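Notes follow once the structure below has been shown.
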Amino acid sequence: MTEEEAFEFVKNTLKEERITPYHKNEIEIVHSVEGCINCGLCINHCPVVAAVGVDRFTGPRSIAVELSRSPPEFWSTADKIYLCTGCGTCREVCPKNVNVPEVVNLVRARIFEHRPDLVPKGLHMVREIIVEHNLAFEPWEDPEEKVESRDVRLERLDIPYTEDIIKKNAEVLFYPGCQAEERAQEVREAAKVVLNYFDVDYTLLDDMSCCGLPSALMGDDETSQRLAGLLKEKVAGLGVKKVVTTCAGCTSNISDISLQDQWSIPVYHMVEYLAEEVGLDRLKQALGSSKEFSEVTVTVHDPCHLIRHTSRRTMQDAIEILKVISGVKVAISEAEDSCCGGGGLVAYHSKDVADSVVQENLISIDKTGAERLVAPCPLCTAQIEANLFKSGSSVEVDDLMVFIAQRLPKK
Amino acid sequence: MAGLAAGTIAAENGLETLMLRTGQSATAYSSGAIDIIGYPPEGLALKEYLPDTEVPFKTPSDGLRAILTLFPFHPYGIIGFGADDDKVVESVIAHVKESISWLKERLAGSCAALIGGFERNIYPITVLGTTKPTCLIQETMWSETLNANPDNVLIFAGFRGHAEFNALSTTRAYLENQLRTGKPPHKVGHCVLEISPFGKPYNISSIELARHFDHDGSMVDLAAAIKKHVDQLGATHVAIPPVLGIEQALQNKAELQKELGVEVFELVALPPSVPGFRLQRAMDRTFKNAGGTLLIGHQARSAIFKNDMIESVVAQSPRREVTISPKTVILASGKFIGGGLEADENGIRETVLDLMPVTTNLHPAEEVRPVYHTNVFSLSPDGHAVLGAGLAVDMDFRPIDADGVERAKNLFCAGSILAKYNYSLEKSGLGVALSTGLAAGRNAARMAKEVS
Ligand SMILES: Cc1cc2nc3c(=O)[nH]c(=O)nc-3n(C[C@H](O)[C@H](O)[C@H](O)COP(=O)(O)OP(=O)(O)OC[C@H]3O[C@@H](n4cnc5c(N)ncnc54)[C@H](O)[C@@H]3O)c2cc1C
Ligand code: SF4
Ligand code: SF4
Chain A
30 MTEEEAFEFV KNTLKEERIT PYHKNEIEIV HSVEGCINCG LCINHCPVVA AVGVDRFTGP
90 RSIAVELSRS PPEFWSTADK IYLCTGCGTC REVCPKNVNV PEVVNLVRAR IFEHRPDLVP
150 KGLHMVREII VEHNLAFEPW EDPEEKVESR DVRLERLDIP YTEDIIKKNA EVLFYPGCQA
210 EERAQEVREA AKVVLNYFDV DYTLLDDMSC CGLPSALMGD DETSQRLAGL LKEKVAGLGV
270 KKVVTTCAGC TSNISDISLQ DQWSIPVYHM VEYLAEEVGL DRLKQALGSS KEFSEVTVTV
330 HDPCHLIRHT SRRTMQDAIE ILKVISGVKV AISEAEDSCC GGGGLVAYHS KDVADSVVQE
390 NLISIDKTGA ERLVAPCPLC TAQIEANLFK SGSSVEVDDL MVFIAQRLPK K
Chain B
22 MAGLAAGTIA AENGLETLML RTGQSATAYS SGAIDIIGYP PEGLALKEYL PDTEVPFKTP
82 SDGLRAILTL FPFHPYGIIG FGADDDKVVE SVIAHVKESI SWLKERLAGS CAALIGGFER
142 NIYPITVLGT TKPTCLIQET MWSETLNANP DNVLIFAGFR GHAEFNALST TRAYLENQLR
202 TGKPPHKVGH CVLEISPFGK PYNISSIELA RHFDHDGSMV DLAAAIKKHV DQLGATHVAI
262 PPVLGIEQAL QNKAELQKEL GVEVFELVAL PPSVPGFRLQ RAMDRTFKNA GGTLLIGHQA
322 RSAIFKNDMI ESVVAQSPRR EVTISPKTVI LASGKFIGGG LEADENGIRE TVLDLMPVTT
382 NLHPAEEVRP VYHTNVFSLS PDGHAVLGAG LAVDMDFRPI DADGVERAKN LFCAGSILAK
442 YNYSLEKSGL GVALSTGLAA GRNAARMAKE VS
């Protein structure tokens, strides 16, 4: 048997055994598991364990020392592995940098490939939408209704509508993400107002497509890679020099794929862009003297994809920005950096778990006495808003971009 | 602990202080009890040179005197390096005493409020039924009267389905110890309580119980569950694993005592314990309240040196790199668990700045095979010498090279990254981290002020 024949033979045997060899870019993740010292520190911090207990979700240590160890048996983890919100808390507290959230994606990818019947139905439904529309949410059937919905939202929030700009060779690509494109349209519009106000030379995509994060989270690597490739093409075609997004998940994912696929351009969340490129002085000039709004105490929610998947500096930027807005007092909640339960696509199949996770946030938000909560991510905003509303809380919720756009002087 | 102590004191001195941290570590693992010094690093040397000193040390003062006499290069010894020869011991004792007061003050009223003092070591009971010499414990672990009266009756109370604590085996081990030493209490019982945070009587972890007990009203059920056992056995004291809450533990202890009319206290647990969690949380808050900025999830990767100073430090988060240009740098990255040191078959390495590590005998350790510095028995009274490896420092806690020259004038280090500090053997862990953290923090703050 030649070497090549031997290789093919082994590959086929693995296939029969339902084993997919690790890709090159997965090896580091797999090796990180070897560093696990089984200490259990991560369990104390996992928000899903805190919300539903180790009996329902065995937690990050179990993922590191048990669930990740036997490729042929990955399918048997399906009742647990889809409950991880991918918040990254375990990785952040782990003294050995064990990359549990990525291990979860890696296991989900193997289940998706070999036992799609075990992938929760809710995820299959999302997948169908993504495959058909290249978007994580079903697009509006009637484009006019979409415009109407947008206008109603903008009117309610007193945010002006500005025309979309789509052009080549702009400095910045503003990428709103699927949620702001299809659902929370006010966030997309608010970001445009902010970019316009500060004379940023930007463009939108002429045909918005998902960055691939939801597909990666459900284990559909093929679609996720296709979408990443598509976005790369579009970015290259536009000739932009920077990518700016208002979604936390898009920030971390596009930062990642741009590095892996060598886009050679920086990716920012809008708060980073405002703090670093626009500068706090200009923000203060614009936002620091308005008397139009009454004083307000706001509290913040730190999106996991910003603080734990990108950098905690992003939220320092967000707080600095809030502090320059006149009349705004920031009250930090004890659970400001606790996962809202909206991640990992958990809400699509186990809403009770996602909603239990957010409870800790709700209690702490109420304790701050703040009238308003802001979050620099439309997904976290939606998850917290819905649950605060359900709990009867009077705290209002805004995406940070909406909060800023409302307070900018009208141009 | 070392980094937080150093950072807090620097921030309290009016300096802008940024702390980088990747992962939590030994401080969070700890039992939350602050050991100053329990045993000498090498028991035989003590017997030979200081035969009258009792081991475990009765007081931190006894321990420090012994350590400073026999091992002057121990990190506690370095604290006293600047003092006149005849004042070294007293100056170290004064510094450690002050460090203890400093910590107690900072943690007063927090979820990790401490009790105990420099005058004596105390011997709290562990979840294994043994006792351990330590200096400060969390107030929830304190029993004022347990050993005072021979008629006291102690119950160990566990929870059904909580595999981290077995009340029966703890009772047996504890009783054996009491019979051997003849100390009270002599009457000891146990009980298993049916409290389940998620409604199932199995697979219950400590943190779940602690979170459950943080909820309002949770003590009513717990008190009712304990009460029947207290009445049945005529108990005067109840010991439970340290799960009385994260934020509410002290209030819960008080409420239980009021309801039951007996003393209730938590045991010292194995890692990672809820009191360790409380300690880390309370220390983080102390640092932030002092004005420090905590940048979690950022790993210091390297530094740029210019002349004999560190100009900047480069740190990596999951998807960003940051460069920080501080006036002074304190390296408190821990030992093998914290990640400050790494060892393999080729030798021992300092992970961030590639500084020169030394063995516990202060020889260069870069090419030392760790296996030759371990004991054949994993549990041995002599411990493992490799755990005493670390950095050698000058009298200001600046790491030095083989020629005794500091690597950078503005680089200090503290805590378990220091050489000649084998905390698992000495029971000196958080005490050395605290005391050296404060010393290095002050030195760094002084220098930062001088250069500005
Ligand atoms: C299991 C266990 C139980 C213990 N129990 C007790 C006890 O009950 N009482 C007691 O007094 N002592 C105890 N000790 C000892 C005590 O915990 C340690 O001596 C003490 O915590 C050391 O503190 P430190 O600050 O030096 O290191 P650590 O607490 O280890 O902290 C080091 C920190 O540096 C961070 N770090 C490392 N590298 C980098 C980098 N490149 N960039 C950024 N951050 C970095 C780590 O993530 C970590 O947060 C125990 C130790 C262990 C391991
Ligand atoms: S993943 Fe990290 S924190 Fe969790 S058990 Fe393993 S080493 Fe400990
Ligand atoms: S990523 Fe978050 S939810 Fe998932 S195991 Fe880690 S801590 Fe738990």
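Taken in order, these protein sequences are the chains called A and B.
All residue numbers for the first sequence refer to the working numbering, where the first residue is 30 and numbers rise by one.
All residue numbers for the second sequence refer to the working numbering, where the first residue is 22 and numbers rise by one.
Just so it is clear, CB atoms sit at the ideal spot from N, CA and C, and this is done for glycine as well.
Keep in mind the model is a prediction, meaning the values are calculated, not measured.
Quiz item: Contact check, Cys-474 (chain A) vs Leu-224 (chain A) under 8 angstroms by CB: the rounded distance?
Solution: Nothing about residue 474 (chain A) can be read from this structure; chain A reaches only from 30 to 440.
Quiz item: So is the beta-carbon of His-74 (chain A) under 7 angstroms away from any non-hydrogen atom of ligand 3?
Solution: Residue 74 (chain A) sits at position 45 when you count from the first residue of the first sequence. Yes, the beta carbon of His-74 (chain A) sits closer than 7 angstroms to at least one heavy atom of ligand 3.
Exercise. Assuming Leu-271 (chain B) contacts Ala-54 (chain B) (C-beta within less than 8 angstroms), just tell me the rounded distance between them.
Key: Here the question's residue 271 (chain B) lines up with position 250 in the second sequence. Here the question's residue 54 (chain B) lines up with position 33 in the second sequence. Contact doesn't hold; Cβ gap of about 15 angstroms is too wide.
Quiz prompt | Proximal residues, the segment 221-240 of chain B versus chain A, C-beta separation under 9 angstroms | solution = Lys-221, Tyr-223, Asn-224, Ile-225, Ser-226, Ser-227, Ile-228, Glu-229, Ala-231, Arg-232
Exercise. Report buried or exposed for Lys-79 (chain B), applying the criterion of at least 16 other Cβ atoms within 10 angstroms of its Cβ.
Key: Start at 1 with the first residue of the second sequence, and residue 79 (chain B) comes out as number 58. So Lys-79 (chain B) ends up on the exposed side.
Practice problem: Compute every distance between the C-beta of Pro-89 (chain A) and the non-hydrogen atoms of ligand 3, then say whether any falls below 7 angstroms. | Solution: Taking the first residue of the first sequence as 1, we reach residue 89 (chain A) at position 60. Flag set: Cβ of Pro-89 (chain A) near ligand 3.
Quiz prompt | Cα-Cα separation, Pro-93 (chain B) to Ile-58 (chain B) | solution = Here the question's residue 93 (chain B) lines up with position 72 in the second sequence. Here the question's residue 58 (chain B) lines up with position 37 in the second sequence. Cα to Cα, the separation comes out at about 15 angstroms.
Quiz item: So, is the C-beta of Ser-281 (chain A) closer than 8 angstroms to a C-beta in chain B?
Solution: Your numbering for residue 281 (chain A) matches position 252 in the first sequence. So yes, Ser-281 (chain A) belongs to the interface.
Self-check item: Every unbroken alpha helix (DSSP H) within the segment 153-211 of chain B, with a cutoff of 4 residues, ordered by chain
Solution: 188-202
Exercise. Spell out whether any CB of chain B is found under 8 angstroms from the CB atom of Ala-245 (chain A).
Key: Here residue 245 (chain A) corresponds to residue number 216 of the first sequence, with the count starting at 1. Cβ-Cβ to chain B under 8 angstroms: no for Ala-245 (chain A).
Quiz item: Considering only residues of the segment 277-328 of chain A, which uninterrupted beta strand (DSSP E) runs meet the minimum length of 3 residues and lie entirely inside it, listed in chain order?
Solution: 296-298
Quiz item: Name the residues in the segment 357-369 of chain A whose C-beta lies less than 8 angstroms from a C-beta of chain B; which are they?
Solution: none
Quiz item: My guess is that Gly-297 (chain B) and Ser-51 (chain B) are in contact by the Cβ rule of under 8 angstroms, so how many angstroms apart are they, rounded?
Solution: Counted from its first residue, the second sequence places residue 297 (chain B) at position 276. Counted from its first residue, the second sequence places residue 51 (chain B) at position 30. Yes, Gly-297 (chain B) and Ser-51 (chain B) are in contact; Cβ-Cβ is about 5 angstroms, under 8 angstroms.
Quiz item: Comparing the CB of Val-335 (chain B) with every heavy atom of ligand 1, is any distance shorter than 7 angstroms?
Solution: Numbered from 1 along the second sequence, position 314 holds the residue referred to as residue 335 (chain B). No; taking the cut-off as 7 angstroms, the Cβ of Val-335 (chain B) has no heavy atom of ligand 1 nearer than that.
Quiz item: Can you tell which of B:Ala-32, B:Leu-89, B:Glu-33, B:Ala-49 has the C-alpha that lies nearest to the C-alpha of Tyr-60 (chain B)?
Solution: Your numbering for residue 60 (chain B) matches position 39 in the second sequence. When only C-alpha atoms are compared, the closest one is B:Leu-89.
Self-check item: In chain order, each beta strand (DSSP E) run of at least 3 residues that lies wholly inside the segment 230-315 of chain B
Solution: 258-261, 284-287
Exercise. Compare the C-beta of Thr-43 (chain B) with all C-beta atoms of chain A and state if any pair is closer than 8 angstroms.
Key: Along the second sequence, read from residue 1 onward, the residue named residue 43 (chain B) stands at position 22. Chain A, which has a Cβ nearer than 8 angstroms to the Cβ of Thr-43 (chain B), makes this yes.
Practice problem: List the residues that DSSP assigns as beta-bridge partners of Glu-46 (chain A). | Solution: Sequence index remark: in the first sequence, residue 46 (chain A) carries index 17 (1-based). According to DSSP, Glu-46 (chain A) bridges with nothing at all.
Quiz item: In chain A, what lies closer than 9 angstroms to Val-343 (chain B) by C-beta?
Solution: Working through the second sequence from its first residue, we reach residue 343 (chain B) at position 322. Chain A residues near Val-343 (chain B): Ser-340, Arg-342.
Quiz item: Under 7 angstroms from any heavy atom of ligand 1, does the C-beta of Ala-353 (chain B) make it?
Solution: In the second sequence, residue 353 (chain B) corresponds to position 332, counting from 1. Checking the Cβ of Ala-353 (chain B) against ligand 1 gives yes.
Practice problem: For Leu-186 (chain A), I'd like the list of residues in its chain whose CB is within less than 7 angstroms of its CB, leaving aside the five on either flank, ordered along the chain. | Solution: For the purposes of this step, residue 186 (chain A) is taken as the residue at position 157 of the first sequence. Correct list, in chain order: Glu-215, Val-431, Gln-435.
Self-check item: Near-chain B residues of the segment 65-77 of chain A (beta-carbon distance less than 8 angstroms), N- to C-terminal order
Solution: Ile-66, Cys-68, Gly-69, Leu-70, Ile-72, Asn-73
Exercise. For chain A, find out if any of its Cβ atoms is closer than 8 angstroms to the Cβ of Gly-318 (chain B); answer yes or no.
Key: For the purposes of this step, residue 318 (chain B) is taken as residue 297 along the second sequence, with counting starting at 1. Yes, because at least one Cβ of chain A sits closer than 8 angstroms to the Cβ of Gly-318 (chain B).
Quiz item: Which whole runs of the beta strand (DSSP E) in the segment 176-206 of chain A are 3 residues long or more, in chain order?
Solution: 201-204
Quiz item: Say the cut is 7 angstroms; is the CB of Gly-436 (chain B) nearer than that to a heavy atom of ligand 1?
Solution: As a first step, residue 436 (chain B) is located in the second sequence; it is residue number 415 there, counting from the start. Correct: Gly-436 (chain B) has its Cβ closer than 7 angstroms to ligand 1.
Quiz prompt | Opening and closing residue of the beta strand (DSSP E) in which Phe-94 (chain B) lies | solution = On the second sequence, position 73 is the one that residue 94 (chain B) refers to. Where Phe-94 (chain B) is concerned, there is no enclosing beta strand (DSSP E), given that its DSSP letter is neither H nor E.
Quiz item: By DSSP, does Tyr-60 (chain B) sit in helix, in strand, or in coil?
Solution: Taking the second sequence and counting its residues from 1, one reaches residue 60 (chain B) at position 39. Tyr-60 (chain B) falls in the coil class under three-state DSSP.
Practice problem: Compare the C-beta of Ile-369 (chain B) with all C-beta atoms of chain A and state if any pair is closer than 8 angstroms. | Solution: Position 348 of the second sequence, counting from 1, holds the residue named residue 369 (chain B). No, Ile-369 (chain B) lies away from the interface with chain A (no Cβ there is under 8 angstroms from its Cβ).
Quiz item: For Pro-339 (chain B), which three-state DSSP category applies?
Solution: If you number the second sequence from 1, residue 339 (chain B) lands on position 318. The answer is coil: DSSP assigns Pro-339 (chain B) none of H, G, I, E or B.
Self-check item: Selection from A:Ala-399, A:Val-382, A:Gln-388, A:Glu-321 that minimises the alpha carbon distance to Leu-437 (chain A)
Solution: As a working mapping, residue 437 (chain A) is identified with position 408 in the first sequence. Comparing Cα positions, the closest option is A:Glu-321.
Practice problem: Decide if Thr-118 (chain A) is buried, meaning its Cβ has at least 16 other Cβ atoms within 10 Å, or exposed. | Solution: The residue given as residue 118 (chain A) occupies position 89 in the first sequence. With 16 or more other Cβ atoms within 10 Å, it is buried.
Exercise. Could you tell me whether the Cβ atoms of Val-295 (chain B) and Pro-339 (chain B) are closer together than 8 angstroms?
Key: By one-based count along the second sequence, residue 295 (chain B) stands at place 274. By one-based count along the second sequence, residue 339 (chain B) stands at place 318. Result no, Cβ atoms of Val-295 (chain B) and Pro-339 (chain B) do not sit closer than 8 angstroms.
Quiz item: Using a threshold of 7 angstroms, is the CB atom of Met-299 (chain A) nearer than that to any non-hydrogen atom of ligand 1?
Solution: Working through the first sequence from its first residue, we reach residue 299 (chain A) at position 270. Every heavy atom of ligand 1 is 7 angstroms or more from the Cβ of Met-299 (chain A), so no.
Practice problem: Say whether chain A places a C-beta atom closer than 8 angstroms to the C-beta of Ser-46 (chain B). | Solution: The residue given as residue 46 (chain B) occupies position 25 in the second sequence. Cβ-Cβ to chain A under 8 angstroms: yes for Ser-46 (chain B).
Quiz item: Touch check for the segment 249-260 of chain B and the segment 219-229 of chain B: three-plus C-beta pairs under 8 angstroms?
Solution: no
Exercise. Along the alpha helix (DSSP H) that carries Ser-244 (chain A), what are the first and last residues, could you check?
Key: Residue numbering aside, residue 244 (chain A) sits at position 215 when the first sequence is read from its first letter. It spans 242-247 - the alpha helix (DSSP H) in which Ser-244 (chain A) sits, taken as one unbroken run.
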